[in-house]
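The numbers in the sequence shown follow our numbering, run straight up by one, and end at 437.
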Amino acid sequence: MLLSKLFIPITKDLPSEAKIKSHQLMLQTGMIKQSSAGIYSWLPLGFKIMKKIEKIVREEQDNIGAQEILMPTIQSADIWKESGRYDDYGEEMLRISDRQNREMLYGPTNEEQITEIFRSSVKSYKLLPQILYHIQWKFRDELRPRFGVMRCREFFMKDAYSFDLNESEAVHSYNRMFYAYLKTFQKLGLKSIPMKADTGPIGGDLSHEFIILAETGESKIYADKRIFDVPIENYKNDMISLKKMRDDFSKFYAVTDDKFKQKDFNDNVKKSNQLQTKGIEVGHIFYFGDKYSKPMNCAVDGKDGKKTFVKMGSYGIGVSRLVAAIIEAKYVNKKMKWPKSVSPFDVVIIPSVTKDKKNLERGMKIYSELKKQGIDVLLDDVDENLANKFNKHDLLGIPFQIILGSKSEGNKIEFKEIDKESQLIEIKKIINTLKN
Ligand code: ATP
Ligand code: MG
């Protein structure tokens, strides 16, 4: 892609309404555009990054055998009346009526919808266990939408739902999802902490929030550093191994400030292992048994022929929030740095273009060569001095740069990874690095 043709409305001034780095940068680099309070359009750069995150989320769901579906954004109020949540959900729910005066709503989550699908399609235990997921827009009329797409009203979420015959199998489904989450955040280049969360009035059941570390995060985190050394690679996708994984994680102290007590922290974690930082919730998983299946009468015939309410769990990842969360986690020294797995481009070619067209022509050649090799490359062909270009690319955060200025000569080309010293190397070597 040529930068001069790309629709990236970059602005020089800092947007004054934005309080945190990710929000500033997303507006400044034209990733998103606010359309009304807490509602955003996604422009090419932002949308490309979000799609890459979505792809990784999808791969890890598929890897544990979850199946993708797509449910609508608009739901009927009837199913929410059955579960009893129509009144409970309160003002966060956007309620709509259609021309026949039927009560509808824009889905804030999909437990009722999926339970309705499941109860009318599955009658026997033989189809269990089952995990279904979709990646779809949600609407929650948040009281205080803020920080851009971090807490907005319309957002993109992966939500999965598991169905099992009994509690021990349901816990295994929960553990599979726990594993998928760890892998997902790892692939996104993030350090995540699964943190035991309150389950509220349901009681006794399971819940974890997945928090990623970021200095600017909303929640304060107190944890035992060694939680990052739990070797995710060593677990296998079977019942015993995944149970061990959960046990291994639960050995380490990790809480947010609402549960923090200095004495507990000191008693459980020796000083040199104490980690105090901030984080952002990017995922949340729950096991809630028959909370929805019972009132909505979602039952299957068990092995003994008796009807049993299916045991369910639900599992969310904030796909659009992750775009901002990654910025918060990775931003250092006034520079953005996208993890390679989600970067909008693999590499940017930055030719000095002010004096003559020689560098630009060279840039074009390298550009075609890289494209032939299947590398997603951006060429900065904008007529601007190098200093300005560098500032701009510090904001955009593409992890590798090919710089065509005074240093690049003959077949030695200046190649730089953000935050590292540049090197003079041959194009072949550059291609190899980028392909790995
Ligand atoms: P929070 O406590 O932040 O309001 P929640 O517990 O309401 O989150 P869930 O219902 O568990 O969130 O939703 C799953 C995921 O969806 C969250 O972990 C978060 O990443 C994302 N999410 C929730 N609300 C929003 C929002 N208003 N804007 C963007 N992402 C959101
Ligand atoms: Mg919420």
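The C-beta atom is built at its ideal place from N, Cα and C for all residues, glycine as well.
Just checking my contact of His-135 with Ile-70 at CB under 8 Å: how many whole Å lie between their CB atoms? Numbered from its first residue, the sequence shown carries residue 135 at position 134. Numbered from its first residue, the sequence shown carries residue 70 at position 69. Contact between His-135 and Ile-70 holds, since their C-beta atoms are separated by about 5 Å, short of 8 Å.
Could you tell me which of Glu-155, Asp-206, Leu-214 sits nearest to Val-320, measuring between CA atoms? Within the sequence shown, numbered from 1, the residue matching residue 320 stands at position 319. For Val-320, the closest alpha carbon among the candidates Glu-155, Asp-206, Leu-214 is that of Glu-155.
Measuring straight from C-alpha to C-alpha, what distance separates Leu-26 and Ile-9? As a position in the sequence shown, residue 26 is number 25, starting the count at 1. As a position in the sequence shown, residue 9 is number 8, starting the count at 1. Here the alpha carbon of Leu-26 sits roughly 12 Å from the alpha carbon of Ile-9.
Please indicate yes or no: does the CB of Gly-47 lie closer than 8 Å to some heavy atom of the ligand ATP? Residue 47 sits at position 46 when you count from the first residue of the sequence shown. Result no, Cβ not under 8 Å from the ligand ATP.
Backbone secondary structure at Met-2 - three-state DSSP: Position 1 of the sequence shown, counted from the start, is the residue given in the question as residue 2. Met-2: coil per DSSP, three-state reduction.
To the nearest whole angstrom, what separates the beta carbons of Leu-183 and Ile-233, a pair I think is in contact under 8 Å? Along the sequence shown, one-based indexing puts residue 183 at 182. Along the sequence shown, one-based indexing puts residue 233 at 232. Contact flag correct, Cβ pair sits at about 5 Å.
In three-state DSSP terms, what is Leu-133? Along the sequence shown, one-based indexing puts residue 133 at 132. Leu-133: strand per DSSP, three-state reduction.
Within 9 Å, strictly: CB atoms of Lys-22 and Ile-367: Within the sequence shown, the letter at position 21 stands for residue 22. Within the sequence shown, the letter at position 366 stands for residue 367. No. Outside cutoff.
Buried or exposed for Val-1, going by 16 or more other Cβ atoms inside 10 Å? Limits of the chain in this structure are 2 at one end and 437 at the other, which puts residue 1 out of reach.
So, do the region 178–193 and the region 209–222 have three or more beta carbon pairs nearer to each other than 8 Å? Two segments are said to touch when three or more pairs of C-beta atoms, one from each, lie closer than 8 Å; by this definition the region 178–193 touches the region 209–222.
Of all the beta strand (DSSP E) runs that stay within the bounds of the region 342–410, which reach a length of 3 or more residues? Counting whole runs of 3 or more residues, the region 342–410 contains the beta strand (DSSP E) stretches 348–352, 378–380, 401–405.
Does the distance between the C-beta of Ile-318 and the nearest non-hydrogen atom of the ligand ATP fall short of 8 Å? Position 317 of the sequence shown holds residue 318. Flag set: Cβ of Ile-318 near the ligand ATP.
Keeping to the same chain, check which residues put their C-beta closer than 6 Å to that of Leu-256; ignore five residues upstream and five downstream. Taking the first residue of the sequence shown as position 1, residue 256 is located at position 255. Position check: residue 256 holds Val in this sequence, whereas Leu was assumed. The answer, listed in chain order, is Tyr-223.
With Tyr-180 and Met-105 assumed to form a contact (beta carbons below 8 Å), what rounded beta-carbon distance in angstroms separates them? For this step, residue 180 is matched to residue 179 along the sequence shown. For this step, residue 105 is matched to residue 104 along the sequence shown. Between Tyr-180 and Met-105 the beta-carbon gap is near 37 Å, outside 8 Å, which marks them as no contact.
Going straight from the alpha carbon of Val-231 to that of Phe-253, what length do you get? Taking the first residue of the sequence shown as 1, we reach residue 231 at position 230. Taking the first residue of the sequence shown as 1, we reach residue 253 at position 252. Roughly 10 Å separates the two Cα atoms.
Identify whether Asp-206 lies in helix, strand or coil by the three-state DSSP scheme. Numbered from its first residue, the sequence shown carries residue 206 at position 205. Coil at Asp-206, not helix or strand.
Would Ser-251 be called buried (16 or more neighbouring beta carbons within 10 Å of its own) or exposed? Your numbering for residue 251 matches position 250 in the sequence shown. Burial call: exposed.
Would you mind listing the beta strand (DSSP E) stretches within the region 213–262 that are 3+ residues and don't spill past its ends, in chain order? Complete beta strand (DSSP E) runs here, min 3: 220–225, 255–257.
Thr-30: which of Leu-397, Pro-73, Pro-195 sits nearest, CA to CA? Here residue 30 corresponds to residue number 29 of the sequence shown, with the count starting at 1. Checked all of Leu-397, Pro-73, Pro-195; the closest Cα to Thr-30 is Leu-397.
Rounded Cβ spacing between Trp-43 and Ile-33 (contact assumed at less than 8 Å): The residue labelled residue 43 in the question sits at position 42 within the sequence shown. The residue labelled residue 33 in the question sits at position 32 within the sequence shown. Right, the Cβ-Cβ distance comes to about 6 Å (below 8 Å), so this counts as a contact.
Quick check: the region 162–176 against the region 271–290, are at least 3 beta-carbon pairs closer than 8 Å? They touch, by the three-pair rule.
Looking at Ser-315: is its Cβ nearer than 9 Å to the Cβ of Glu-61? Along the sequence shown, one-based indexing puts residue 315 at 314. Along the sequence shown, one-based indexing puts residue 61 at 60. With contacts defined as CB atoms closer than 9 Å, Ser-315 and Glu-61 fail to qualify as a contacting pair.
Would you call Ile-57 buried or exposed, if buried means 16 or more other Cβ atoms sit within 10 Å of its Cβ? The residue labelled residue 57 in the question sits at position 56 within the sequence shown. In this structure Ile-57 is buried. Its beta-carbon is surrounded by 16 or more other beta-carbon atoms within 10 angstroms.
Between the region 365–382 and the region 334–342, are three or more C-beta pairs nearer than 8 Å? Judged by Cβ distances under 8 Å, the region 365–382 makes no contact with the region 334–342, as fewer than three pairs qualify.
Extent of the continuous alpha helix (DSSP H) run through Ser-23: Taking the first residue of the sequence shown as position 1, residue 23 is located at position 22. In the DSSP assignment, Ser-23 falls within the alpha helix (DSSP H) that extends over 22–29.
Closest by C-alpha distance to Asn-49, when choosing among His-394, Ile-399, Asp-382: Position 48 of the sequence shown holds residue 49. According to the sequence provided, residue 49 is Lys. The question's Asn does not apply to it. Measuring from the Cα of Lys-49, the nearest candidate turns out to be Ile-399.
Reference Ile-241, options Ala-198, Ser-169, Met-196, closest by Cα: Here residue 241 is taken as the residue at index 240 of the sequence shown, counted from 1. Checking every option, the nearest Cα to that of Ile-241 belongs to Ser-169.
Using the C-alpha atoms, what's the distance from Lys-244 back to Asp-89? As a first step, residue 89 is located in the sequence shown; it is residue number 88 there, counting from the start. As a first step, residue 244 is located in the sequence shown; it is residue number 243 there, counting from the start. When the Cα atoms are used, Asp-89 and Lys-244 turn out to be separated by approximately 34 Å.
Return the residue from the list Arg-59, Lys-358, Val-378 that minimises the CA-CA distance to Glu-385. Taking the first residue of the sequence shown as position 1, residue 385 is located at position 384. Nearest Cα to Glu-385 within the set Arg-59, Lys-358, Val-378: Lys-358.
With a CB to CB cut of under 8 Å and the five nearest residues on each side skipped, what residues in its chain are close to Asn-412? Here residue 412 is taken as the residue at index 411 of the sequence shown, counted from 1. Answer for Asn-412: Glu-427, Ile-428, listed in chain order.
Which residues does DSSP list as the beta-bridge partners of Lys-159? Here residue 159 is taken as the residue at index 158 of the sequence shown, counted from 1. In the DSSP assignment, the residues bridged to Lys-159 are Ile-136, Ile-318.
Just verifying my parser: in three-state terms, what is the DSSP assignment at Met-467? The question about residue 467 has no answer here: the residues shown for the chain are numbered 2 through 437.
For Val-311, name the three-state secondary structure that DSSP assigns. The residue labelled residue 311 in the question sits at position 310 within the sequence shown. Residue state, collapsed to three classes: coil.
Enumerate in chain order the residues of its own chain whose CB-to-CB distance from Ile-203 is below 8 Å, with the five nearest sequence positions on each side excluded. Here the question's residue 203 lines up with position 202 in the sequence shown. Confidence in Ile-203 is poor, its pLDDT being 49 and thus under 50, which makes the residue's placement too unreliable to answer from.
Three-state secondary structure (DSSP) at Met-32? By one-based count along the sequence shown, residue 32 stands at place 31. Reduced to three states, the DSSP call for Met-32 is coil.
Is the distance from the Cβ of Gln-402 to the Cβ of Val-349 below 9 Å? Start at 1 with the first residue of the sequence shown, and residue 402 comes out as number 401. Start at 1 with the first residue of the sequence shown, and residue 349 comes out as number 348. Taking 9 Å as the Cβ cut-off, Gln-402 and Val-349 qualify as a contacting pair.
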